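Undergrad: First, the structure itself, so that you have it in front of you.
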Amino acid sequence: MLNIEVARPQIAAFLSAKLSTDGGVEVGPLERITIGHSRGMFRVNASYGQDGAAVERSFALRVEQAGMFGTNTLDEVRTMRAMRAAGFPVANIRWVEFDPAVLGTPFFLMDWVEGSSGPPNDAALRDYVSKLHGLHQMDWRQKEIPFARIPSIPLDAVHQQVDRWMDVHRWGRVLPEPLLEEAATWLKRNAPDDLHLTLVHGDPGPLNFIHDGDEVQAFTDWEFSHIGDPNEDWLFLGGMRGRGVMEPPQWREYIADVTGHVITKETWAYWDVFNQFKGACANTSALRIFITGANPAPNMAAIGTALKLSMINHLSTIIGNSYAQRGE
Amino acid sequence: MPEAKRPTVDEVLAGALHTIENQLLPNLEDTWARAAAGQLMGTLEYARVLLAGDENVDAQVDAVETVVGGLLHDHPELAAVLEGSEGETRGFTALERASRLLSHAVANDSEAAEAIRTELRPLIVQQATDNLNETMTMLMAFGGRPRRVEH
């Protein structure tokens, strides 16, 4: 777990080595960015002299947390850089460091993006949904995004992602979770027929984009991105992360209104199970991180137990209903 | 009945909760620190729930073993599904077997599969619900909103 008081001089030394300055870089107290749990996020306020002029500049520091959610810095950085090169709104990554001698864990530093990740106004929300739709329309085969897994056919993408998240769950678990094992099989057996292969952000919604006024400035938190079906994103937005903005039925109508992308109730239910499964598997990693002491903070305990179990509760109800309908 | 030491663990936890809520939180301004303090209260309340109840999974494992044993007795063909399911502990083995059976039932409409759905699945769902309820204090505090300490 990053101790920011220890890290501050080390970040100053790191920046001094990277930036062309008159006499080194001074770093003010690190400011914890209070969003997300997958990574430690901090605002770094640097000051230095350059060619005789005083410079004040901020960066966003994103630090790995002991395997949280089974994701890694390398994949996230490669994706972000490829998306930025493709013209998508993504923060500019200045430096990436994998040497544990620097901060004890991999991290990267981005240019600070001005704006807010809090509740967007109506225009900014609409802009976000339009841009997410635009992400799904990109010709990903032409972008050479270096994903670790490229599915051959749409159904293959579902199987890849189910297996990916089951692996993360099995890494983090203390005991097997029968309802997650059941869900993995259910998802493979019940995948919709009308699947597509597109870029998928994987974790879209409020708090994971920066907006200023009516416009989105940057999509953040790319560690779940992959090639898959776009409805995974729409359900993550409308069924999970966006519930503080409006309820799922309203989201379904809103998405159709803004993008023209219509999602049937059956497809909505399937991807709801998928995302609850994904979330529960990812959250299991927090249990291992907590009990091994890699990060003994209380949010890790809550994510690895109660939050995971609430998702299992949700998905097992939908699967149970599918059994009941089959028996009618 | 053994006589408790004074102060008891529960009294210490209650005191810690009271201190965080009344002495630390009012003086914390940093958003992340306030959220962490609220979440810490949730984990301490969870510890109190554990103290008052059962910290191990033995009773749940017993129940799973009984139902799985009954399914194997009534449907011996299910033994093939469980081949190689032994784990390092009794609890791991029982839940691995339950996992295999539930997954098997997803893809089958046999009499045995129906028995898994009607006999084993409700038990597993109930245990998951019990576990969620036991950890609910942490979920309630996850957003960082502390609640009144109950003594």
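Protein chains in written order, with numbering that gives the first Met the number 0: chain A, 0 to 327; chain B, 0 to 150.
Glycine included, C-beta positions come from ideal geometry on N, C-alpha and C.
All values derive from a computational prediction rather than experimental measurement.
Would you please verify whether the beta carbon of A:A100 is less than 8 Å from any beta carbon of chain B?
TA: For this step, residue 100 of chain A is matched to residue 101 along the first sequence. By this cut-off, A:A100 is not an interface position.
Undergrad: Skipping 5 residues on each side, what residues in its chain have a beta carbon closer than 8 Å to that of A:L29?
TA: Your numbering for residue 29 of chain A matches position 30 in the first sequence. Excluding sequence neighbours, A:L29 sits near I3, A6, R7, I10, F41, R42, V43 and L60.
Undergrad: Under 7 Å Cβ-Cβ, which residues of chain B neighbour A:I311?
TA: By one-based count along the first sequence, residue 311 of chain A stands at place 312. Correct list: A127.
Undergrad: Give the residues of chain B in contact with A:N298, contact being defined as C-beta atoms less than 8 Å apart.
TA: As a first step, residue 298 of chain A must be located in the first sequence, where it is residue number 299. Simply A34, A35, Q38 and F141.
Undergrad: Relative to the C-alpha of A:F289, which residue among A:G23, A:H36, A:K17 and A:G22 is closest?
TA: The sequence position of residue 289 of chain A within the first sequence is 290, counting from 1. The option with the nearest alpha carbon to A:F289 is A:H36.
Undergrad: Short check: CB of A:N207 to CB of A:R240, under 8 Å?
TA: By 1-based counting over the first sequence, the position of residue 207 of chain A is 208. By 1-based counting over the first sequence, the position of residue 240 of chain A is 241. Closer than 8 Å, so yes.
Undergrad: What are the complete alpha helix (DSSP H) segments, minimum 4 residues, inside the segment 120 to 166 of chain A?
TA: Listed in chain order, the complete alpha helix (DSSP H) runs (minimum 4 residues) inside the segment 120 to 166 of chain A are 121 to 136.
Undergrad: Would you verify that the beta carbon of B:S98 is, or is not, closer than 8 Å to some beta carbon of chain A?
TA: The residue you call residue 98 of chain B lines up with position 99 of the second sequence. Cβ-Cβ to chain A under 8 Å: yes for B:S98.
Undergrad: Contact defined as beta carbons within less than 8 Å: I believe B:S84 pairs with A:E181. What is the distance between those atoms, to the nearest angstrom?
TA: As a first step, residue 84 of chain B is located in the second sequence; it is residue number 85 there, counting from the start. As a first step, residue 181 of chain A is located in the first sequence; it is residue number 182 there, counting from the start. Actually they are not in contact, since the Cβ atoms of B:S84 and A:E181 sit about 15 Å apart, beyond 8 Å.
Undergrad: Can you tell me whether A:W328 is buried or exposed, with buried defined as 16 or more other CB within 10 angstroms of its CB?
TA: Since the first and last residues shown for chain A are 0 and 327, residue 328 of chain A lies out of range.
Undergrad: Given A:E63, which residues of its chain have a CB within under 6 Å of its CB, disregarding the five upstream and five downstream residues?
TA: Taking the first residue of the first sequence as 1, we reach residue 63 of chain A at position 64. Around A:E63: T72, T104 and P105.
Undergrad: Report the rounded CA-to-CA distance for A:V157 versus A:L174, giving the unit in angstroms.
TA: Numbered from its first residue, the first sequence carries residue 157 of chain A at position 158. Numbered from its first residue, the first sequence carries residue 174 of chain A at position 175. Looking at the two C-alpha atoms, the distance is approximately 25 Å.
Undergrad: If you check the beta carbons only, do A:S224 and A:H260 fall under 8 Å apart?
TA: For this step, residue 224 of chain A is matched to residue 225 along the first sequence. For this step, residue 260 of chain A is matched to residue 261 along the first sequence. No; because the gap between Cβ atoms is not below 8 Å, this pair is not in contact.
Undergrad: Would you kindly check if the distance between the Cβ of B:T88 and the Cβ of A:N312 is under 8 Å?
TA: Within the first sequence, residue 312 of chain A is the residue found at index 313, counting from 1. Within the second sequence, residue 88 of chain B is the residue found at index 89, counting from 1. For A:N312 and B:T88, no; Cβs fall outside 8 Å.
Undergrad: Is it true that the CB of B:T42 sits closer than 8 Å to the CB of B:M153?
TA: Because chain B here runs from 0 to 150, residue 153 of chain B falls outside it and cannot be looked at.
Undergrad: Strictly under 8 Å for the Cβ-Cβ distance: is B:V67 near chain A by that measure?
TA: Walking along the second sequence from the start, residue 67 of chain B turns up at place 68. False, the Cβ-Cβ gap to chain A never drops below 8 Å.
Undergrad: Considering only their Cβ atoms, is the gap separating A:Q216 from A:M112 smaller than 8 Å?
TA: Looking up residue 112 of chain A in the first sequence gives position 113. Looking up residue 216 of chain A in the first sequence gives position 217. The question names Met, but residue 112 of chain A is Val in the sequence shown. Going by C-beta atoms, A:V112 is nearer than 8 Å to A:Q216.
Undergrad: Is B:S102 close to chain A? Criterion is C-beta to C-beta, closer than 8 Å.
TA: Along the second sequence, one-based indexing puts residue 102 of chain B at 103. Judged by the 8 Å Cβ criterion, B:S102 is in contact with chain A.
Undergrad: Just the C-alpha distance for B:Q22 and B:A15, rounded to the nearest angstrom, thanks.
TA: Residue 22 of chain B sits at position 23 when you count from the first residue of the second sequence. Residue 15 of chain B sits at position 16 when you count from the first residue of the second sequence. Taking the straight line from one Cα to the other gives about 10 Å.
Undergrad: As an exercise, report each continuous alpha helix (DSSP H) stretch of at least 4 residues that is fully enclosed by the segment 20 to 105 of chain A, in chain order.
TA: Here the runs fully enclosed are 72 to 84 and 99 to 102.
Undergrad: Can you have a look at B:N26 and say buried or exposed, based on whether 16 or more other CB atoms are within 10 angstroms of its CB?
TA: Walking along the second sequence from the start, residue 26 of chain B turns up at place 27. So B:N26 ends up on the exposed side.
Undergrad: How many angstroms separate the CA atom of A:W267 from the CA atom of B:E76?
TA: Numbered from 1 along the first sequence, position 268 holds the residue referred to as residue 267 of chain A. Numbered from 1 along the second sequence, position 77 holds the residue referred to as residue 76 of chain B. C-alpha separation (whole angstroms): 36 Å.
Undergrad: Which residues in the same chain as B:A51 place their Cβ atom closer than 8 Å to its Cβ, once the five residues preceding and following it in sequence are excluded?
TA: Numbered from its first residue, the second sequence carries residue 51 of chain B at position 52. Only D9 meet the Cβ criterion.
Undergrad: Establish whether the CB of B:V105 and some CB of chain A are separated by less than 8 Å.
TA: Sequence index remark: in the second sequence, residue 105 of chain B carries index 106 (1-based). Yes - at least one Cβ of chain A is within 8 Å of the one on B:V105.
Undergrad: DSSP beta-bridge partners for A:M109?
TA: Counting from 1 along the first sequence, the entry for residue 109 of chain A is found at position 110. Paired residues: A:A59 and A:I92.
Undergrad: Distance cutoff 8 Å, beta carbons only. Does B:L94 sit that close to anything in chain A?
TA: As a working mapping, residue 94 of chain B is identified with position 95 in the second sequence. With 8 Å as the cut-off, B:L94 counts as an interface residue toward chain A.
Undergrad: Taking only runs that begin and end inside the segment 192 to 275 of chain A, name each unbroken beta strand (DSSP E) of 3 or more residues, in chain order.
TA: Runs found: 197 to 199, 208 to 211, 214 to 218 and 225 to 227.
Undergrad: DSSP on B:S84, reduced to helix/strand/coil?
TA: Within the second sequence, the letter at position 85 stands for residue 84 of chain B. Coil at B:S84, not helix or strand.
Undergrad: Note down, in chain order, every chain B residue with its Cβ under 8 Å from the Cβ of A:L178.
TA: Your numbering for residue 178 of chain A matches position 179 in the first sequence. Near A:L178 (Cβ distances below 8 Å), the residues of chain B are L101, I123, V124 and A127.
Undergrad: Is A:S321 helix, strand or coil by DSSP?
TA: Within the first sequence, residue 321 of chain A is the residue found at index 322, counting from 1. Three-state result, A:S321: helix.
Undergrad: Could you give the C-beta distance for A:A281 and A:V161, rounded to a whole number, given that I count them as a contact under 8 Å?
TA: Along the first sequence, read from residue 1 onward, the residue named residue 281 of chain A stands at position 282. Along the first sequence, read from residue 1 onward, the residue named residue 161 of chain A stands at position 162. That pair is no contact at about 13 Å.
Undergrad: In chain order, what residues of the same chain lie with their CB nearer than 8 Å to the CB of A:V274, ignoring the 5 residues before and after it?
TA: If you number the first sequence from 1, residue 274 of chain A lands on position 275. Here residue 274 of chain A turns out to be Asn, not Val, going by the sequence shown. Within the same chain, A:N274 has close Cβ partners E231, L234, F235, G238 and M239.
Undergrad: Three-state secondary structure (DSSP) at A:L186?
TA: On the first sequence, residue 186 of chain A is found 187 positions in, with the first residue counted as 1. Here A:L186 sits in helix by DSSP.
Undergrad: What separation, rounded to the nearest whole angstrom, lies between the Cα atoms of A:T78 and A:S116?
TA: Numbered from its first residue, the first sequence carries residue 78 of chain A at position 79. Numbered from its first residue, the first sequence carries residue 116 of chain A at position 117. Roughly 21 Å between the two C-alpha positions.
Undergrad: Excluding the five sequence neighbours on either side, which residues of its own chain have a C-beta within less than 6 Å of the C-beta of A:K277, listed in chain order?
TA: As a working note, residue 277 of chain A is residue 278 in the first sequence. Result list for A:K277: W164, in chain order.
Undergrad: When the Cα atoms are used, what is the spatial distance from B:L94 to A:H132?
TA: Along the second sequence, one-based indexing puts residue 94 of chain B at 95. Along the first sequence, one-based indexing puts residue 132 of chain A at 133. Each residue's alpha carbon lies about 41 Å from the other.
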